[in-house]
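Take the sequence shown: its position 60, counted from the start at 1, is 61 in the working numbering, and no numbers get skipped.
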Amino acid sequence: MIILRSFDGETFEVDEAVGLESQPIKHVIDDDYANIIIPLPNVTSKNLAKVIKCCKCRMEDSKAEDKNAKEDLKTLNVEFVKVDQSTLSNLMC
Numbered sequence: 002m003i004i005l006r007s008f009d010g011e012t013f014e015v016d017e018a019v020g021l022e023s024q025p026i027k028h029v030i031d032d033d034y035a036n037i038i039i040p041l042p043n044v045t046s047k048n049l050a051k052v053i054k055c056c057k058c059r060m061e062d063s064k065a066e067d068k069n070a071k072e073d074l075k076t077l078n079v080e081f082v083k084v085d086q087s088t089l090s091n092l093m094c
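So, in structure tokens, the structure goes:
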């Protein structure tokens, strides 16, 4: 398990495998920060919750082999980016 802390101080406990789905979080984990609180100073709790949800879905759907799961992932990706430009920019950091 890893603990992620958002810019506004909210913490999220997630499986390391979920965190590894996000490249920025993966780089921190790779730098041997597992088992401590990982600060994400540029990410609000709202955006971090959205990223974690997306990472969980990607991880689960990548294991699924049926066509419906693949379509669900495509739908998730489309919904994920349906936000204002500022939020989208923050999600990509």
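We put the beta carbon where it would ideally sit given N, CA and C, even for glycine. From a predicted model like this one, the values you see are computed outputs, not experimental measurements.
Could one say the Cβ of residue i lies closer than 8 angstroms to chain D's Cβ atoms, at least one of them?
i, result
"Glu22", "Protein chains in the displayed structure number just one, and chain D is not present."
To which residues of the same chain is residue i closer than 6 angstroms at the C-beta, ignoring the five residues directly before and after it?
i, result
"Cys94", "Low local confidence applies: a pLDDT of 48 at Cys94 is under 50, so the model's placement there is unreliable, with the coordinate-based value given in what follows. Answer for Cys94: Asn43, listed in chain order."
"Ile26", "Gly20"
"Ile4", "Thr12, Glu14, Ile38"
Which class does residue i belong to by DSSP, given the choice of helix, strand or coil?
i, result
"Glu72", "helix"
"Pro42", "coil"
"Glu14", "strand"
"Ile53", "helix"
Do the CB positions of residue i and residue j come within less than 8 angstroms of each other?
i, j, result
"Val19", "Lys75", "no"
"Thr12", "Ile37", "no"
"Glu22", "Met2", "no"
For residue i, which residues in the same chain have their Cβ closer than 8 angstroms to its Cβ, ignoring the five residues on either side in sequence?
i, result
"Thr45", "Ser7, Phe8, Asp9, Asn91"
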